[in-house]
Amino acid sequence: DTGVSQDPRHKITKRGQNVTFRCDPISEHNRLYWYRQTLGQGPEFLTYFQNEAQLEKSRLLSDRFSAERPKGSFSTLEIQRTEQGDSAMYLCASSFLGETQYFGPGTRLLVL
Amino acid sequence: AQTVTQSQPEMSVQEAETVTLSCTYDTSENNYYLFWYKQPPSRQMILVIRQEAYKQQNATENRFSVNFQKAAKSFSLKISDSQLGDTAMYFCAFTYNTGANSKLTFGKGITLSVRP
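Going down the list, the protein sequences come from chains A and B. The opening residue of the first sequence carries number 1 in the working numbering; numbering runs sequentially from there. The opening residue of the second sequence carries number 113 in the working numbering; numbering runs sequentially from there.
Here it is in structure tokens:
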């Protein structure tokens, strides 16, 4: 059983550019979560899906952020018009219903 | 809203000794779940241990055990026989784990260093 995978692992972009991250959950997991983690802090919740339905979005998720899970499998997180404050590690996690969340390796974003 | 507090930013322990990491949380609900996650320098978050609030018995996983004090809203992690591979950031996390509210709320974490 492969774990949660994320792509890319690292992304450097210039301010104002758009970026998209992908997350592939563990195959039988129907819940998928996105978190953001800044250096020295705990992860903060962004949004989550059950199958293809986006059930909750954090107030941290500004209009520049959008997430999709079109077929209830992989998910993408897009950030439009990136800002330096978007620099962080973006973590994806998956679970089967209410079971434990398992995390991917994360995508580290640096906005110059 | 629930909050999770980890007040110790850093701790250090000698290899083979025991260390306890503290965590407190705040909630007005009765049913919830608590976790300790480990994040080694490579940054992949790994589950250490899970505790359901309705269970009175403290969870144990090999060298890791918790002291869950529901009335005091305290959830500490004890690591016995510390190993060099235990060096990592440790996060305490909380969830209600219902359909409408299953996100994890994390504390700020504690950096644990195991000295050889």
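Yeah, the Cβ is synthetic: ideal placement off N, Cα and C, and Gly gets one too. It should be emphasised that the depicted structure is a prediction, and the values quoted were computed from it without experimental measurement.
For the region 16 to 38 of chain A, the set of positions with a beta-carbon nearer than 8 Å to some beta-carbon of chain B reads 31, 33, 35 in chain order. Under the 8 Å criterion on CB atoms, residue 90 of chain A is classed as non-interfacial with respect to chain B. In the three-state DSSP reduction, residue 198 of chain B falls in the helix class (H, G or I). The C-beta of residue 207 of chain B has 16 or more other C-beta atoms within 10 Å across all chains shown, which makes the residue buried. Annotation: residue 62 of chain A is outside any beta strand (DSSP E) and is labelled neither H nor E by DSSP. A distance below 6 Å between beta-carbons, with the five flanking residues on each side excluded, links residue 115 of chain B to the following residues of its chain, in chain order: 138. One finds 216 in chain B with Cβ atoms closer than 7 Å to the Cβ of residue 101 of chain A, taken in chain order. Around the beta carbon of residue 150 of chain B, 16 or more other beta carbons lie within 10 angstroms, which makes this residue buried. Interface with chain A (8 Å Cβ-Cβ cutoff): residue 170 of chain B is excluded. Contacts with chain A at 8 Å (Cβ-Cβ) include residue 221 of chain B. The three-state reading of DSSP puts residue 86 of chain A in helix, counting H, G and I together.
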